[in-house]
DNA sequence: TATAGGCTTCCAGTTGCTGGAAGGGCAAGG
DNA sequence: CCTTGCCCTTCCAGCAACTGGAAGCCTATA
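Residue numbers (the working numbering), protein chains in the order written: chain V, 3 to 132; chain S, 3 to 132.
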């Protein structure tokens, strides 16, 4: 099938599919006689796999590792779990950081009357070290 | 003072200070006779202001708006509050998204025994639509 | 005077795409 | 047979927000 159908079926934009091919994340597909890329069902499965992985926040590099494991029938599930566990830890860390930001910002916003006058605790906070 | 001291005092890397100048976020400082940038106390305050704003996750563009308001003694605090409020909403949205990711990923990780065998619910989830 | 550091500019690379230009392929309609 | 329109190809540029490095000048100190 052409890249357009592979795009629809995998849920990845055609541009992105080509980009993944350029950067080596996915192997170049077969080519039809007219030079068009020709994707198989298996290719589409892999593209979907990558889309889901990216959707869960894995980096392209991590997706590459996960895809290798996905294709390796002799893999050890512990290798997969290690990657996922590490990512989970990073997500937790990111959530923690955002919640801290949120808390600080929330205090500042709450203390600002937000009217026509110029005095503003938000600006004071940003100037003073918040 | 030279850029090195301005860097130490503001907490921003010298590289970043020059970058902010290049992109117009901060005004070019005075220059000494030898061509070195020459920062005032006020400059350092503004750099700190930007650092704190970036630290709270405001985009460079938002920082630019906040800095203008900071410098405008006739500002309306409602303008500041609007920017901060919008950013707060975005942070909340991001936290929500991350928590959703986290939940999905957590389930997958929890169901994977993570040993030497190849069968792996994480890979199955990624292949099947998680 | 030699050396070590700080300063200058400019160019390139990072991550993960996305948009656009220029051109060829292909099926349907007039 | 030719046009229209959509799909495909490649390549180049740009987004955010820096960061690293090269080449070269300035300055302070031993």
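The C-beta atom is built at its ideal place from N, Cα and C for all residues, glycine as well.
>> Any beta carbon from chain S within less than 8 Å of residue 67 of chain V's own beta carbon?
In response: Residue 67 of chain V sits at position 65 when you count from the first residue of the first chain. Not closer than 8 Å to any Cβ of chain S, the Cβ of residue 67 of chain V fails to qualify, so no.
> DSSP state of residue 40 of chain S, grouped into three classes?
Replying inline: Counting from one through the second chain, the residue named residue 40 of chain S turns up at place 38. Reduced to three states, the DSSP call for residue 40 of chain S is strand.
> Roughly how many angstroms lie between the CA atoms of residue 57 of chain S and residue 101 of chain S, to the nearest whole one?
Replying inline: Residue mapping note: residue 57 of chain S aligns to position 55 of the second chain, counting from 1. Residue mapping note: residue 101 of chain S aligns to position 99 of the second chain, counting from 1. Their backbone Cα atoms lie some 21 Å apart in a straight line.
>> Can you pull the chain V neighbours of residue 6 of chain S, defined as C-beta to C-beta under 9 Å?
In response: Reading the second chain from its first residue, position 4 is the one you call residue 6 of chain S. Under a criterion of Cβ atoms nearer than 9 Å, no residue of chain V is adjacent to residue 6 of chain S; the nearest Cβ is some 22 Å distant.
>> Does the structure place the stretch 66-86 of chain V close enough to the stretch 113-122 of chain S that three or more beta carbon pairs sit under 8 Å?
In response: Under the Cβ criterion (8 Å, minimum of three pairs), the stretch 113-122 of chain S counts as touching the stretch 66-86 of chain V.
> Using a Cβ-Cβ cut-off of 7 Å (strictly less than) and excluding sequence neighbours within five positions of residue 48 of chain S, which residues of its own chain qualify?
Replying inline: For the purposes of this step, residue 48 of chain S is identified with residue 46 of the second chain, where counting begins at 1. Correct list, in chain order: 28, 69.
> Do we get a CB-CB distance below 8 Å when we pair residue 11 of chain V with the residues of chain S?
Replying inline: Position 9 of the first chain holds residue 11 of chain V. Among the CB atoms of chain S, none fall inside 8 Å of the CB of residue 11 of chain V.
> Who are the near neighbours of residue 3 of chain S in its chain, counting only those whose CB is closer than 6 Å to its CB and skipping five residues on each side?
Replying inline: Within the second chain, residue 3 of chain S is the residue found at index 1, counting from 1. Around residue 3 of chain S: 41.
> From which residue to which residue does the alpha helix (DSSP H) around residue 109 of chain V run?
Replying inline: As a first step, residue 109 of chain V is located in the first chain; it is residue number 107 there, counting from the start. It spans 79-113 - the alpha helix (DSSP H) in which residue 109 of chain V sits, taken as one unbroken run.
> What number of angstroms, rounded off, separates the C-alpha of residue 122 of chain S from the C-alpha of residue 9 of chain V?
Replying inline: Sequence index remark: in the second chain, residue 122 of chain S carries index 120 (1-based). Sequence index remark: in the first chain, residue 9 of chain V carries index 7 (1-based). About 27 Å.
> Does the beta-carbon distance from residue 89 of chain V to residue 59 of chain V come in below 8 Å?
Replying inline: Walking along the first chain from the start, residue 89 of chain V turns up at place 87. Walking along the first chain from the start, residue 59 of chain V turns up at place 57. Against a cut-off of 8 Å, the Cβ pair of residue 59 of chain V and residue 89 of chain V comes out as a contact.
> Taking any Cβ of chain V, which residues in the stretch 97-125 of chain S have a Cβ under 7 Å from it, in chain order?
Replying inline: For the stretch 97-125 of chain S, the residues whose beta carbon sits under 7 Å from a beta carbon of chain V are, in order, 97, 100, 101, 103, 104, 106, 107, 108, 110, 111, 114, 115, 116, 117, 118, 119, 120, 121, 122, 124, 125.
> On the three-state DSSP scale, how would you describe residue 34 of chain V?
Replying inline: Sequence index remark: in the first chain, residue 34 of chain V carries index 32 (1-based). DSSP places residue 34 of chain V in coil when its eight states are reduced to three.
>> Considering Cα atoms alone, identify which of S:21, S:120, S:84 is closest to residue 76 of chain V.
In response: By one-based count along the first chain, residue 76 of chain V stands at place 74. Ranking S:21, S:120, S:84 by CA distance to the CA of residue 76 of chain V puts S:120 first.
> Considering only residues of the same chain and omitting the five flanking positions on each side of residue 19 of chain S, which have a CB-CB separation below 7 Å?
Replying inline: Taking the second chain and counting its residues from 1, the one referred to as residue 19 of chain S is at position 17. These residues qualify, in order along the chain: 5, 8, 9, 49.
> When you check each C-beta in the stretch 26-46 of chain S against every C-beta of chain V, which residues fall closer than 9 Å?
Replying inline: Cβ contacts with chain V come from no residue of the stretch 26-46 of chain S.
>> For the alpha helix (DSSP H) containing residue 68 of chain S, name the first residue and the last one.
In response: Mapped onto the second chain, residue 68 of chain S falls at position 66. Element bounds for residue 68 of chain S: 62-73.
>> Which residue wins for smallest C-alpha separation from residue 110 of chain V, given the options V:96, V:125, V:74, V:38?
In response: Taking the first residue of the first chain as 1, we reach residue 110 of chain V at position 108. That would be V:125, whose Cα lies nearest to the Cα of residue 110 of chain V.
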